[in-house]
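Participant: The structure that follows is given in the form of structure tokens.
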Amino acid sequence: MAQDDSNPGIFNELPDQAKATVERIKRIIGEDTTKKEGKASSGWGFSSEELEQEIQRLSAELSINGYKAYNCKVLHLVHGGIIQNGTGHQIIIPLNGKASFLHDKPLLPCHYTTQKETLLGDNIDLIIMSLKKT
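Numbering (the working numbering), first residue to last: 319 to 452.
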């Protein structure tokens with residue numbers, strides 16, 4: 319994952335291997351063969367054996383630059399939501415739908431954050447992954 323040298327905490331691009339894994343995750347949830355766990359009115363998490371394998375692969379691919387990636391979730395949000403950030407380091411990767419953060423802050427293709435974020439948009443699929451400094 320490329321890092322912005324002027325601000326070493328900001329990850330701004332996925333490595334090519336991780337991009338390929340993200341595309342496979344998009345395909346899996348697009349095939350509609352995953353379980354959906356949550357509330358139809360607010361959102362749900364996707365799960366399947368195939369999806370879990372790709373999540374583990376993505377976690378390994380993003381455990382770089384002094385961080386270990388863990389607690390990866392693939393989610394669908396019906397009407398945006400508040401993204402909690404209990405670890406203080408998180409990556410948010412949009413998959414489908416148009417989304418932005420509160421105050422017109424754009425959601426980047428690989429968005430690193432150290433804060434709790436309010437995500438705006440309807441019918442958004444995304445990956446949220448916690449990071450821990452190693």
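Backbone N, C-alpha and C fix where the C-beta goes; we use that ideal spot for every residue, glycine too.
Predicted model only: the values in this text are computed from it and were never measured.
Contact check, Ser452 vs Gly384 under 8 angstroms by CB: the rounded distance?
Facilitator: With the sequence shown as reference, residue 452 is identified as Thr, and Ser is not the correct amino acid for it. Confirmed, Cβ separation roughly 6 angstroms.
Participant: Given this structure, state the Cα-to-Cα distance separating Gly356 from Trp362, to the nearest angstrom.
Facilitator: Whole-angstrom Cα-Cα distance: 4 angstroms.
Participant: Give me the Cα-Cα distance between Asp443 and Leu380, rounded to the nearest whole angstrom.
Facilitator: Each residue's alpha carbon lies about 19 angstroms from the other.
Participant: Can you tell me whether His421 is helix, strand or coil according to DSSP?
Facilitator: Helix at His421.
Participant: Cβ atoms of Ile445 and Ile400: under 8 angstroms apart, would you say?
Facilitator: No; because the gap between Cβ atoms is not below 8 angstroms, this pair is not in contact.
Participant: Mapping DSSP to helix, strand and coil, what is Leu380?
Facilitator: Of the three classes helix, strand and coil, the one that applies to Leu380 here is coil, per DSSP.
Participant: Once you ignore the five residues that flank Arg375 on each side, which residues in its own chain have a CB closer than 7 angstroms to its CB?
Facilitator: If we look at Arg375 and ignore the five residues flanking it on each side, its Cβ neighbours are Thr339.
Participant: Closest by CA to Leu332, which one among Leu426, Ser359 and Asp422?
Facilitator: Answer by Cα proximity: Leu426.
Participant: Counting only the same chain and skipping the five closest in sequence on each side, list residues whose C-beta sits under 6 angstroms from that of Glu435.
Facilitator: Ile401 and Phe419, listed in sequence order.
Participant: On the criterion of 16 or more Cβ atoms from any shown chain inside 10 Å, does Glu372 qualify as buried, or is it exposed?
Facilitator: Under this definition Glu372 is a buried residue.
Participant: Of all the options Glu368, Leu413 and Lys386, which has the alpha carbon lying nearest to the alpha carbon of Thr351?
Facilitator: Closest by alpha carbon: Glu368.
Participant: Residues in its own chain within less than 6 angstroms of Leu413 by CB, not counting five upstream and five downstream?
Facilitator: Result list for Leu413: Lys344, Asp443 and Leu444, in chain order.
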